[in-house]
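Here the structure comes first, spelled out in structure tokens, and everything after it is commentary.
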Ligand SMILES: Cc1cc2nc3c(=O)[nH]c(=O)nc-3n(C[C@H](O)[C@H](O)[C@H](O)COP(=O)(O)OP(=O)(O)OC[C@H]3O[C@@H](n4cnc5c(N)ncnc54)[C@H](O)[C@@H]3O)c2cc1C
Ligand code: SF4
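Chains as they are written, first to last, in our numbering: chain C, 940 to 1264; chain L, 839 to 998.
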């Protein structure tokens, strides 16, 4: 890949990072986790940063550890390490399964969970090499139209990272930091349905990591469809979690999806359908059809909204079977 | 701005001057003449540029050369010893797991990463281990055959 020249900072500590970010001009840098999404976008000339700031040498961002009942996963942890972590696979199977589905072994060795959480939205009309023959400027490129939703007033680019769906279903909280200090927010409040800015984070802030509650104990699963099984983004990804109970009922179920709109989304309709119901009882097509009635996916990545809904319904049926003790 | 870096590749040290925008793939092929590592899609989608970094498979097209400092990089050139093929290369040849050969260096290195950690993988583990390497000739059957032979798993697809 022939990239345009840029300055490259590789701080060894958070203190060093804040210092570099503080001195950088506004909009002058991009954070680099594993670079598996930033570098292809730079190669396509979608991004041309003056500087990159690499996070992978900051030891504080690479821990996976218990914090009381919670588990903290540092943002620069490689997806492969997340997936292989004994804590994660024992307590949060949905997260281990989602991390295991990202891209390919090579991408999981390089890609980080922070990069996955902050993965920019994607669109067939946008994620392509810029230059002669590329699609005319749309909103995401600073233009005045959307090619996906004709006459649309905003960008509908699709959020398609795998792990955020699992983390939403596990009630995770995102830890954000900057020179001024740290803050923590429910992951659900971190995202917004906006193809251009899908994350609520300041220009000089970073995601430090993610905190997942270990109590109440939850059983969980993540499933997805993609055109190819490997090296491909999900067309639809669904995570389900439920509090462990003796009764075999869905107690406080959480259902979250990726590949549905410009953010990972809790599916309230399916959660209502599941609540209190016996896990062993199958979900019929009519039932999920009803529960997903409110959902309005747009035509993306070549599949129709109706088919996309169908995929989520089938994933729900299969995920239920995975939760049966 | 160019800066001096030191890389450890196939057990040898190399000193060179590169800018931050230069990828490891570019260094391997164009600075050092190690053209066994292939440039395929140049965007993370095909696995042809796979090398091992401290034993893990990574894509050299998405790795900045600066980030390869202090790591042990293994490319396909580092496998054969005194002209003798490594046992993985041997198995690929014997099973006919190579056609045009473009994906082969990456495929062999992904196999090495897998077998070094897990000498006796199941079929599922083999499938996953090489799932990051696209091959447009073999249909993968013979590649599976070669890896399965090394893993002692027995012949795959024997039910056909
Ligand atoms: C062929 C191919 C297939 C892929 N398939 C999948 C897939 O199936 N599923 C999937 O989810 N992804 C997929 N990806 C995308 C990508 O590899 C993963 O999402 C990966 O987890 C991104 O992590 P990274 O560390 O490499 O991100 P980077 O490229 O380093 O960063 C991604 C974004 O996150 C920001 N960022 C990184 N770390 C932080 C932080 N700590 N705080 C704030 N912002 C941060 C960066 O500035 C950038 O905007 C694929 C990519 C390729 C090339
Ligand atoms: S959804 Fe519309 S505005 Fe957004 S990237 Fe695609 S074409 Fe552009």
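In this text, a Cβ means the ideal position worked out from N, Cα and C, and glycines have one as well.
On a Cα-Cα basis, can you pick out the residue from C:1038, C:1168 and C:998 that is closest to residue 954 of chain C?
Sequence index remark: in the first chain, residue 954 of chain C carries index 15 (1-based). Of the listed residues, the one whose Cα sits closest to residue 954 of chain C is C:998.
Within the continuous alpha helix (DSSP H) that includes residue 1255 of chain C, where are the two ends?
Your numbering for residue 1255 of chain C matches position 316 in the first chain. It spans 1244 to 1262 - the alpha helix (DSSP H) in which residue 1255 of chain C sits, taken as one unbroken run.
In chain L, which residues lie with their C-beta within 9 Å of the C-beta of residue 974 of chain C?
Stepping through the first chain from its first residue, residue 974 of chain C is reached at position 35. In chain order: 900, 901, 902 and 905.
Name the residue from C:1144, C:1136, C:1140 and C:1102 whose alpha carbon lies nearest to the alpha carbon of residue 1120 of chain C.
Walking along the first chain from the start, residue 1120 of chain C turns up at place 181. Closest option to residue 1120 of chain C, Cα to Cα, is C:1144.
Determine which residues share a DSSP beta bridge with residue 1004 of chain C and list them.
The residue you call residue 1004 of chain C lines up with position 65 of the first chain. Answer by DSSP bridge pairing, in chain order: C:1011.
Are the beta-carbon atoms of residue 1175 of chain C and residue 1109 of chain C separated by less than 8 Å?
Along the first chain, one-based indexing puts residue 1175 of chain C at 236. Along the first chain, one-based indexing puts residue 1109 of chain C at 170. Against a cut-off of 8 Å, the Cβ pair of residue 1109 of chain C and residue 1175 of chain C comes out as no contact.
Output needed for residue 1197 of chain C: all residues of its chain with C-beta closer than 7 Å, excluding positions within five of it in sequence on either side, in chain order.
Sequence index remark: in the first chain, residue 1197 of chain C carries index 258 (1-based). Answer for residue 1197 of chain C: 1098, 1099, 1100, 1101, 1103, 1104, 1173, 1176 and 1203, listed in chain order.
In chain L, what lies closer than 7 Å to residue 942 of chain C by C-beta?
By 1-based counting over the first chain, the position of residue 942 of chain C is 3. At a C-beta separation below 7 Å, residue 942 of chain C has these neighbours in chain L: 859.
Tell me which residues share the same chain as residue 1037 of chain C and place their Cβ nearer than 6 Å to its Cβ, disregarding the 5 neighbours each side in the sequence.
One-based indexing of the first chain puts residue 1037 of chain C at position 98. The beta carbon of residue 1037 of chain C lies closer than 6 Å to those of 1101, 1102, 1105 and 1161 in the same chain, with the five residues before and after it left out.
Taking the continuous beta strand (DSSP E) assigned at residue 1054 of chain C, which residues delimit it?
Counting from 1 along the first chain, the entry for residue 1054 of chain C is found at position 115. No beta strand (DSSP E) holds residue 1054 of chain C; the alpha helix (DSSP H) holding it covers 1052 to 1056.
Out of C:1261, C:1229 and C:1195, which one is the CA nearest neighbour of residue 1187 of chain C?
By one-based count along the first chain, residue 1187 of chain C stands at place 248. Comparing Cα-Cα distances from residue 1187 of chain C to each of C:1261, C:1229 and C:1195, the minimum goes to C:1261.
Can you give the Cα-Cα distance for residue 876 of chain L and residue 1004 of chain C, rounded to whole angstroms?
By 1-based counting over the second chain, the position of residue 876 of chain L is 38. By 1-based counting over the first chain, the position of residue 1004 of chain C is 65. One C-alpha to the other measures close to 39 Å.
Considering only their Cβ atoms, is the gap separating residue 1081 of chain C from residue 1075 of chain C smaller than 8 Å?
The sequence position of residue 1075 of chain C within the first chain is 136, counting from 1. The sequence position of residue 1081 of chain C within the first chain is 142, counting from 1. With contacts defined by Cβ atoms closer than 8 Å, residue 1075 of chain C and residue 1081 of chain C do not form a contacting pair.
Run through DSSP, which three-state label would residue 860 of chain L get?
Numbered from its first residue, the second chain carries residue 860 of chain L at position 22. Residue 860 of chain L falls in the coil class under three-state DSSP.
Run through DSSP, which three-state label would residue 1154 of chain C get?
For the purposes of this step, residue 1154 of chain C is identified with residue 215 of the first chain, where counting begins at 1. Three-state result, residue 1154 of chain C: coil.
DSSP three-state label for residue 929 of chain L, please.
Here residue 929 of chain L corresponds to residue number 91 of the second chain, with the count starting at 1. DSSP places residue 929 of chain L in helix when its eight states are reduced to three.
Can you list, in chain order, the residues of its chain whose CB lies under 8 Å from that of residue 1047 of chain C, leaving out five sequence neighbours each side?
In the first chain, counting from the first residue as 1, residue 1047 of chain C sits at position 108. Correct list, in chain order: 1017, 1018, 1019, 1022, 1038, 1039 and 1041.
Can you name, in chain order, every residue of its own chain whose Cβ lies under 7 Å from the Cβ of residue 1132 of chain C, other than the five neighbours on each side?
Position 193 of the first chain holds residue 1132 of chain C. Apart from the 5 residues on each side of it in sequence, residue 1132 of chain C sits with its Cβ closer than 7 Å to the Cβ of 1200, 1201 and 1202 in its chain, given in chain order.
Under DSSP, the alpha helix (DSSP H) around residue 962 of chain C begins and ends at which residues?
By 1-based counting over the first chain, the position of residue 962 of chain C is 23. Taken as a continuous stretch (DSSP letters only), the alpha helix (DSSP H) holding residue 962 of chain C covers 953 to 962.
Within the present structure, is the beta-carbon of residue 1200 of chain C separated from the nearest heavy atom of ligand 2 by less than 7 Å?
Stepping through the first chain from its first residue, residue 1200 of chain C is reached at position 261. Result no, Cβ not under 7 Å from ligand 2.
I'd like to know whether the C-beta atoms of residue 904 of chain L and residue 978 of chain C end up nearer to each other than 8 Å.
In the second chain, counting from the first residue as 1, residue 904 of chain L sits at position 66. In the first chain, counting from the first residue as 1, residue 978 of chain C sits at position 39. It is not a contact, given that the beta carbons lie outside the stated cut-off.
Which chain L residues are close to residue 1064 of chain C, counting only those with a beta carbon under 9 Å from its beta carbon?
By 1-based counting over the first chain, the position of residue 1064 of chain C is 125. In chain order: nothing, as chain L lies at least about 17 Å away.
Determine the burial state of residue 1125 of chain C: buried for a count of at least 16 other Cβ atoms within 10 Å of its Cβ, exposed for fewer.
For the purposes of this step, residue 1125 of chain C is taken as the residue at position 186 of the first chain. Exposed is the call here.
Please name the residue, chosen from C:1244, C:1148, C:1009 and C:1218, that lies closest to residue 1117 of chain C on a Cα-to-Cα basis.
Translated into the one-based positions of the first chain, residue 1117 of chain C becomes position 178. Its Cα nearest to that of residue 1117 of chain C, the residue C:1148 stands out among C:1244, C:1148, C:1009 and C:1218.
For residue 862 of chain L, collect the residues of the same chain with a Cβ closer than 6 Å to its Cβ; drop the 5 residues on either side in sequence, then sort them by chain order.
Here residue 862 of chain L refers to the residue found at position 24 when the second chain is read from its first residue. Correct list, in chain order: 898, 901, 903 and 906.
On the three-state DSSP scale, how would you describe residue 960 of chain L?
Within the second chain, the letter at position 122 stands for residue 960 of chain L. Note: residue 960 of chain L maps to coil in three-state DSSP.
Taking only three categories from DSSP, how would you classify residue 1019 of chain C?
Looking up residue 1019 of chain C in the first chain gives position 80. Here residue 1019 of chain C sits in helix by DSSP.
Kindly examine ligand 1 and report whether one of its heavy atoms sits closer than 7 Å to the Cβ of residue 1049 of chain C.
Your numbering for residue 1049 of chain C matches position 110 in the first chain. For ligand 1, at least one heavy atom lies less than 7 Å from the Cβ of residue 1049 of chain C.
Which two residues bound the contiguous beta strand (DSSP E) that contains residue 1240 of chain C?
For the purposes of this step, residue 1240 of chain C is taken as residue 301 along the first chain, with counting starting at 1. Unbroken run through residue 1240 of chain C: none, as it is neither H nor E.
Run down chain C in chain order and give the residues with a C-beta less than 7 Å from the C-beta of residue 883 of chain L.
The residue labelled residue 883 of chain L in the question sits at position 45 within the second chain. The contacting residues are 1170.
Which residues in chain C have a C-beta closer than 7 Å to the C-beta of residue 888 of chain L? List them in chain order.
Here residue 888 of chain L refers to the residue found at position 50 of the second chain. Within chain C, the residues near residue 888 of chain L are 1045.
Comparing the C-beta of residue 993 of chain C with each C-beta of chain D, is any distance below 8 Å?
Checking the listed chains, one finds no chain D in this structure; the protein chains it contains are C and L.
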